[in-house]
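Input: a single structure, listed below in structure tokens.
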Amino acid sequence: MNSLEELTCGLCDNVLIIGARFPLNINRPDVVLVDCLDSEGDNSIQFDHAFAAETACHYLISQGRRQIALIHPQSSGFADQVLLGYKHALEKNFLPFNRNLVFLDNTSPSVAVQELVNNATTLNFNALLVSDEQQAQRVVPQLQAFNRAVPQNVMVFSLAGSLQLPGIPTIPAIEYSMDAMASRIVNWLTEKTDNPGGSPLRGDLIIPKH
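Note that the sequence shown covers residues 1 to 210 in full-length UniProt numbering.
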């Protein structure tokens, strides 16, 4: 907060805060919060995390993956919205909800994968939904260590950004358009609209090229 006070004392006309995963309690006309936790004021731009999770599950199911595990720690933010989208997709595809496939506590992704493999009720999972590309980077080698080839045996899906790293297969993902976000921010800066966020920003489904 000290930095914010310094920036707004003549150094900057406006401030953007992006991706904070802790409550900020800021409601100022010169500050825009982008995808920040617990920020539902007029000057906030939110991502539609429920829509992202539902889209991801529909895609995985369309690929024949019906045993979908979800790793999305509360510390990643918006876990309740992600779980809501996950459940909606299962309901629309007449699939049962298995709570043993869902990890919303702060268990590390590696430990969650171990629990999935060790549990007889989840042993046959064939898709894994993770919060972002960093989690994907951790779980892919872990799956391979258990002889679960990606994507042949387990299809990994990132809810925020994909991977382009040597030795790790490119995975499907939801990515949020920087152009769309920038457009909303520019409109707010130039026109001083009362609500820069409007409806939540929805991400695009990115599918790896084979």
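Ideal placement from N, C-alpha and C gives every residue a C-beta, glycine not left out.
Next on the checklist: Check for me: the beta strand (DSSP E) holding Ala112 runs from which residue to which?
Outcome noted: DSSP places Ala112 in no beta strand (DSSP E) but in the uninterrupted alpha helix (DSSP H) bounded by Pro109 to Asn118.
Checklist entry - In angstroms, rounded to a whole number, what distance separates the CA positions of Val31 and Tyr176? => result Distance between the alpha carbons of Val31 and Tyr176: 21 Å.
Checklist entry - How many angstroms separate the CA atom of Trp188 from the CA atom of Met181? => result Distance between Trp188 and Met181, taken at the CA atoms: about 11 Å.
Checklist entry - Are the beta-carbon atoms belonging to Gly77 and Glu54 less than 7 Å from one another? => result No, they are not a contact pair.
Item to check | Assumed close pair Ala52, Leu143 - CB separation to whole angstroms, cut-off 8 Å | outcome: 22 Å between Cβ atoms; not a contact.
Next on the checklist: Given this structure, state the Cα-to-Cα distance separating Leu104 from His72, to the nearest angstrom.
Outcome noted: Cα to Cα, Leu104 sits roughly 5 Å from His72.
Checklist entry - Can Gln63 and Phe125 be called in contact, C-beta distance under 7 Å? => result No, they are not a contact pair.
Next on the checklist: Helix, strand or coil for Ser62? Go by DSSP, reduced to three states.
Outcome noted: In the structure shown, Ser62 falls within a helical segment according to DSSP collapsed to helix, strand and coil.
Item to check | Residue range of the unbroken alpha helix (DSSP H) whose run includes Met143 | outcome: Here the sequence assigns Leu to residue 143, which means Met is not the residue at that position. Per DSSP, Leu143 belongs to the alpha helix (DSSP H) from Glu133 to Ala145.
Item to check | Same chain, Cβ closer than 8 Å to Asn106, five either side skipped, listed in chain order | outcome: If we look at Asn106 and ignore the five residues flanking it on each side, its Cβ neighbours are Pro73, Gln74 and Ser75.
Checklist entry - Three-state secondary structure (DSSP) at Ile185? => result In this structure, Ile185 counts as helix in the three-state DSSP scheme.
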